[in-house]
Amino acid sequence: MLLKFISPFLLAAMLAPAFAKEAAPAAADPVAEARLMELSSELRCLVCQNQTIADSNAELAVDLRNEIREKIQTGMSDAEIKDFMVARYGDFVLYRPPVKGTTLALWVGPFLLLAVGGGILFFNLRRRRQRDAEPELSRDDQALADSLLQTDTTKETR
Amino acid sequence: MKARYLIPLAIFVAMLAFLGVGLKLDPREVPSPLIDKPAPAFRLQTLDSPSRVMTPEDMRGQVWLLNVWASWCGGCREEHPVLVELAKSRAVPIYGLDYKDQPGDARRWLADFGNPYTAIVSDPDGRAGIEYGVYGVPETFVIDKAGVIRYKQIGPITPKALQDTILPLVRKLNAA
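Chains as they are written, first to last, in the working numbering: chain A, -2 to 155; chain B, 3 to 178.
Next comes the structure, spelled out in structure tokens:
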């Protein structure tokens, strides 16, 4: 949930320089161009895999931007365009992959690891607290230890 | 109590195993969603004569390879001898998709290195490539008699990939 709130800002922050550089080809329709940028910044470029299609200057990314621009002009919805991309390149193109069987580990994994780590931490802390709460020596043990030490010192001094 | 001291070692070994597997994985090999889907349609001019147009329908009824290549592509050069050998063996017809290439360059390239292709279509603007989810040449699709994509090789076909994967699949599909 938190991720969902943060990620647009994070993405925007990361892409800000790219947007600045990417002086959109003077298009007739600024609204369509804005949609193109928004869409293509959520799609992964398969040539430079850590860049979005909006970001990348790889030839394929340029081609795909043109393809998306055309699709916008023919009146396709964002969802339809994403489906078009996924049908050809797979879920991998989506920077926000859908939750389904094959991506379950991706979505649940981190929380699972967090739970396991938290569990280990919790049990360790609890054990430590129990150990600290116990007196270091029981009264009887203390008496025994004292007497032993006493006999020891008497031996020494003798 | 002794076993406790083995835990860091166990974690280390597990990490080593994960990293080792990770090293072997190629992030460029993205599984294609087109496997077991009908080969996307195209209508493209052949490299030899622009007046002749081909579609995947023309290959219906046979098992064929669609090899996406370009004269500017280094991996294609590496793969080419394997394709030439394969063409000689007549095990399976190879159709070429000349991806974002200049026809003149492509013809010269084939004249220099040999032409393993039964036919080649030109995809100068890469539109057919997008339909096939091509993101790096060379890529090769194994397409069955019904026109369904059964396998995609990303990157050059190595002799090993040919012997272990592609040829057995072709034999199986031909028998079907």
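All C-beta atoms, glycine included, are put in the ideal place defined by N, C-alpha and C.
Tell whether a beta-carbon distance below 8 Å holds between residue i and residue j.
i	j	result
B/L88	B/P118	yes
B/G149	B/R54	no
B/R65	B/Y101	With the sequence shown as reference, residue 65 of chain B is identified as Val, and Arg is not the correct amino acid for it. Taking 8 Å as the Cβ cut-off, B/V65 and B/Y101 do not qualify as a contacting pair.
B/P161	B/V84	yes
A/M34	A/A51	yes
A/I69	A/R32	yes
B/G98	B/I122	yes
B/L164	B/V144	no
B/A108	B/S73	yes
A/L91	A/K79	yes
B/I96	B/N69	yes
A/T49	A/E39	yes
B/G138	B/R30	yes
A/L43	B/V32	yes
B/I168	B/I156	no
B/I132	B/A41	no
B/L49	B/M56	no
A/D75	A/L36	yes
A/D88	A/T71	no
A/W104	A/V96	yes
Out of the options, which has the shortest C-alpha to C-alpha gap to residue i?
i	options	result
B/K39	B/K154, B/K174, B/N176 and B/K162	B/K154
B/E141	B/E80, B/V65 and B/M61	B/E80
B/G76	B/T48, B/P58, B/L67 and B/W111	B/W111
B/A147	B/V23, B/V94, B/L21 and B/V15	What sits at residue 147 of chain B in the sequence shown is Lys, not Ala. The candidate whose alpha carbon is nearest that of B/K147 is B/V94.
B/E59	B/F44, B/A12 and B/G116	B/F44
A/R85	A/T99, A/D137 and A/E64	A/E64
B/H82	B/K90, B/D103, B/S124 and B/G116	B/G116
B/T120	B/A113, B/D114 and B/R92	B/R92
A/E30	A/R66, A/N54 and A/E133	A/R66
B/N176	B/L67, B/P52, B/L21 and B/D28	B/L67
What in chain B is Cβ-close to residue i, meaning under 7 Å?
i	result
A/F89	V32
A/E64	I132
A/L118	Ordered by position in chain B, no residue passes the 7 Å Cβ test against A/L118, which lies about 15 Å from the chain.
A/L57	Y137
What does residue i reach in chain A if we use C-beta pairs closer than 9 Å?
i	result
B/P140	Those within 9 Å of B/P140 in chain A number zero; the least Cβ separation is about 14 Å.
B/P40	Ordered by position in chain A, no residue passes the 9 Å Cβ test against B/P40, which lies about 12 Å from the chain.
B/P170	Chain A residues near B/P170: none, gap ~25 Å exceeds 9 Å.
B/P58	Going along chain A, no residue has its Cβ under 9 Å from B/P58, so there is no contact; the nearest lies around 15 Å.
B/P158	Chain A residues near B/P158: none, gap ~17 Å exceeds 9 Å.
B/P161	Those within 9 Å of B/P161 in chain A number zero; the least Cβ separation is about 26 Å.
Can you pull the chain A neighbours of residue i, defined as C-beta to C-beta under 7 Å?
i	result
B/G135	R85 and Y86
B/P29	Q46
B/G128	D60
B/P52	Result: empty, since nearest Cβ-Cβ is about 22 Å, beyond 7 Å.
So with CB distances below 9 Å, who are the chain B contacts of residue i?
i	result
A/L61	I132
Can you find a heavy atom of the ligand NAD that lies under 7 Å from the Cβ of residue i?
i	result
B/K154	This structure lacks the ligand NAD; in fact it carries no ligand of any kind.
Give me the chain A residues within the contact set of residue i, using Cβ-Cβ distance strictly less than 8 Å, ordered along the chain.
i	result
B/P10	What B/P10 touches in chain A: nothing, since even the nearest Cβ is about 14 Å away.
Which residues of the region 95 to 113 of chain A have a Cβ closer than 7 Å to any Cβ of chain B? Give them in chain order. From the region 95 to 113 of chain A, no residue has a Cβ closer than 7 Å to chain B.
Which residues of the region 34 to 45 of chain A have a Cβ closer than 7 Å to any Cβ of chain B? Give them in chain order. So the list reads L43 and V44, given in the order they occur along the chain.
Enumerated in chain order, which unbroken segments of the beta strand (DSSP E) with a length of 3 residues or greater are wholly contained in the region 79 to 145 of chain B? Scanning the region 79 to 145 of chain B from its first residue to its last, the whole beta strand (DSSP E) runs of 3-plus residues come out as 96 to 101, 121 to 125 and 141 to 145.
For the region 91 to 135 of chain A, list the alpha helix (DSSP H) runs that are entirely contained and at least 4 residues long, ordered along the chain. For the region 91 to 135 of chain A, whole alpha helix (DSSP H) runs of length 4 or above, ordered along the chain, are 101 to 130.
Check distances from the C-beta atoms of the region 88 to 111 of chain B to those of chain A and list, in chain order, the residues that come in under 8 Å. Those residues of the region 88 to 111 of chain B that come within reach of chain A (Cβ to Cβ, closer than 8 Å) are K102.
May I have a chain-ordered list of the beta strand (DSSP E) segments no shorter than 3 residues that lie completely inside the region 4 to 85 of chain B? Taken in chain order, the complete beta strand (DSSP E) segments of 3 residues or longer contained in the region 4 to 85 of chain B are 66 to 71.
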